[in-house]
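Chains as they are written, first to last, in the numbering used here: chain A, 298 to 462; chain B, 10 to 426.
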């Protein structure tokens, strides 16, 4: 269970506004990526986001390019989860591969607003707030192993080690 | 019950009978990456293995910032070249090849029935030739280099039945924009999109590449045409390996079917700042533009440059506009030299740039200042993508781009026919 404050955005939040293309082909440390998070959508976000905060958005979050920094910069900024009505498919995979929780809930996306304090219980599949408890869709079984390992790099590393033994 | 192309291709690769919704683990035929290979190499080094598992399957094309615009990009390119030599990767294309999504089809990697994954969101382009092709992230690409396998969920399929015929001055780009405008940017999220129906065969391979490319803007996992004689003929002399062309069965199961009549389709334009903010060009005609970009993986092929040249012939770029032209590949560049299209474009006052992504992703070669307006033949118009966050990008066909470059304002290309 972890606690955070909501940052609310709309539909089709794309990877260019989450992490601008002008930085995409520069190799950056995570802390530097965090400083550019949401730069072209909400220029004040990076300076004020707190560890544990949660982004809540509408449909098709993360649409656009395959740039992984769009997931990495949020994780580096301390965002614990993104709750949305739906996610663009590459973003969904990238987030899981990096260990950023991506949770689908229409109701939470409708009801929650910027500034709402919420608690997220990944194990029980619940988002709790003063506005009620919302349930999110369970993640596909195929990706649970990756999340349990702490991301795809760790998962693959273990698999390769097992193969060599 | 029959199967879709996607079910057949992934099923054969997985060695089992598969249906939409199942998850399979497959060994892809090719794994594409570009300038982001530098970042992928860094992830690969974390995995504790020295060698990539199948060097012959890795295809690396430098195209995003070519030639390198500054020291950081130069260092990225250098580290990629060193890795290619160290790992013995045979399929490496340096800064004089073109955009990956044009190079892979031209060089015979994109073939019917193959599974191609790429660390670029427009990887679905290769569905134009009947491949299953989809975009993945950097970490996933690094892991695929190491393991030679990847998990994929077999997507449900949306079929778009094309009938009728497009009028002169209207092209595949207008059709893509119309579909996305009518049905929204997530119309096909997680799905396969099949372009079918009686008019599908009329589409040139170039037009199919445009359609499959733009399926990424529908949210699709993959977009494709069933390979026909036209596709197979185009592949003659290009295919690098034997392949088995498969098509969807007549009794395959589709999640949805959209009917789309091409008669009466008008030139379309996506307005700032989303690809689904689409209007007929006529509805925004007269809006002044500062820059026009003709090129990219969506519309930088010979037929695109020739459509632009047909309008520029005997005319000049409007003095208040700068026009950037980027042939999608060196092969296109050479063909456009031979056909005379490039001479027409240069005489009109267009700036010709090295084959590559150019300013499309906002890293170099013609970025936008505050308040500037660009009309581009590319595929994304998100805020800030090509420069200042308060610049504007409109997306349209090469014909609309050329017509607007001549008049200095957004113009319906049919005025020039």
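Backbone N, C-alpha and C fix where the C-beta goes; we use that ideal spot for every residue, glycine too.
Going along chain B, which residues have a C-beta under 7 Å from residue 365 of chain A? In the first chain, the residue the question calls residue 365 of chain A occupies position 68. In chain order: 146, 147, 148.
Give a yes or no on whether the minimum CB-CB distance between residue 29 of chain B and chain A is below 8 Å. Taking the first residue of the second chain as 1, we reach residue 29 of chain B at position 20. Chain A contact via Cβ: absent.
Coil, strand or helix - residue 302 of chain B by DSSP: Translated into the one-based positions of the second chain, residue 302 of chain B becomes position 293. Strand at residue 302 of chain B.
Using only the alpha-carbon positions, how far apart do residue 290 of chain B and residue 320 of chain B sit? The residue labelled residue 290 of chain B in the question sits at position 281 within the second chain. The residue labelled residue 320 of chain B in the question sits at position 311 within the second chain. Taking the straight line joining both Cα atoms gives about 16 Å.
Anyone know if the C-beta pair for residue 344 of chain A and residue 331 of chain A falls short of 8 Å? Stepping through the first chain from its first residue, residue 344 of chain A is reached at position 47. Stepping through the first chain from its first residue, residue 331 of chain A is reached at position 34. Contact: no.
Take residue 282 of chain B and list the residues in its own chain whose beta-carbon comes closer than 8 Å to its own, dropping the five residues that flank it on each side. By 1-based counting over the second chain, the position of residue 282 of chain B is 273. Within the same chain, residue 282 of chain B has close Cβ partners 390, 391, 392, 401, 402.
Helix, strand or coil for residue 325 of chain B per DSSP? The sequence position of residue 325 of chain B within the second chain is 316, counting from 1. Three-state result, residue 325 of chain B: coil.
For the beta strand (DSSP E) containing residue 233 of chain B, name the first residue and the last one. Sequence index remark: in the second chain, residue 233 of chain B carries index 224 (1-based). Counting along the chain, the beta strand (DSSP E) containing residue 233 of chain B begins and ends at 231-234.
Report yes if the C-beta of residue 304 of chain B is less than 7 Å from at least one heavy atom of the ligand HEM; otherwise report no. As presented, the structure is devoid of all ligands, the ligand HEM included, so that no description of it is given.
Out of curiosity, what's the CA-to-CA distance linking residue 412 of chain A and residue 369 of chain A? As a working mapping, residue 412 of chain A is identified with position 115 in the first chain. As a working mapping, residue 369 of chain A is identified with position 72 in the first chain. Cα to Cα, the separation comes out at about 23 Å.
State the DSSP-derived secondary structure class of residue 442 of chain A, mapped to helix, strand or coil. For the purposes of this step, residue 442 of chain A is taken as residue 145 along the first chain, with counting starting at 1. In the structure shown, residue 442 of chain A sits in a helix (DSSP, three-state: H, G or I).
Among B:154, B:164, B:420, which one has its Cα closest to the Cα of residue 449 of chain A? As a first step, residue 449 of chain A is located in the first chain; it is residue number 152 there, counting from the start. The candidate whose alpha carbon is nearest that of residue 449 of chain A is B:154.
Distance CB(residue 249 of chain B)-CB(residue 117 of chain B) smaller than 8 Å: One-based indexing of the second chain puts residue 249 of chain B at position 240. One-based indexing of the second chain puts residue 117 of chain B at position 108. Yes, the pair counts as a contact, with Cβ atoms nearer than the cut-off.
Assuming residue 61 of chain B and residue 67 of chain B make a contact with CB atoms under 8 Å, what is their CB distance in whole Å? In the second chain, counting from the first residue as 1, residue 61 of chain B sits at position 52. In the second chain, counting from the first residue as 1, residue 67 of chain B sits at position 58. The pair is a contact, with the Cβ atoms about 6 Å apart (cut-off 8 Å).
Rounded separation between residue 269 of chain B and residue 18 of chain B - CA only: As a first step, residue 269 of chain B is located in the second chain; it is residue number 260 there, counting from the start. As a first step, residue 18 of chain B is located in the second chain; it is residue number 9 there, counting from the start. Going from the Cα of residue 269 of chain B to the Cα of residue 18 of chain B covers about 26 Å.
Could you please tell me which residues of the segment 381-404 of chain A, in chain order, have their CB closer than 7 Å to any CB of chain B? 383, 385, 386, 387, 390, 391, 394, 395
Give me the residue from B:257, B:331, B:142 with the minimum Cα distance to residue 301 of chain B. Within the second chain, residue 301 of chain B is the residue found at index 292, counting from 1. The residue with the shortest Cα to Cα distance from residue 301 of chain B is B:331.
Listing by chain order, which chain A residues have their CB less than 7 Å from the CB of residue 74 of chain B? Within the second chain, residue 74 of chain B is the residue found at index 65, counting from 1. What residue 74 of chain B touches in chain A: 322.
Under 8 Å Cβ to Cβ from residue 235 of chain B, same chain only, skipping five residues before and after it: list those, please. Position 226 of the second chain holds residue 235 of chain B. Excluding positions up to five away in sequence, the list reads 14, 139, 203, 205, 209, 256, 257.
Should residue 387 of chain B go down as buried or exposed, given a rule of 16 or more other Cβ atoms within 10 Å for buried? On the second chain, residue 387 of chain B is found 378 positions in, with the first residue counted as 1. So residue 387 of chain B counts as buried.
Which residues in the same chain have their Cβ closer than 6 Å to the Cβ of residue 307 of chain A, if we skip the five residues on either side of it in sequence? Numbered from 1 along the first chain, position 10 holds the residue referred to as residue 307 of chain A. If we look at residue 307 of chain A and ignore the five residues flanking it on each side, its Cβ neighbours are 355.
4-residue-minimum alpha helix (DSSP H) runs that sit fully inside the segment 176-231 of chain B, ordered along the chain: 181-192, 214-223
Outcome for residue 73 of chain B when other beta-carbon atoms lying within 10 angstroms are tallied against a minimum of 16: Stepping through the second chain from its first residue, residue 73 of chain B is reached at position 64. Classification for residue 73 of chain B: buried.
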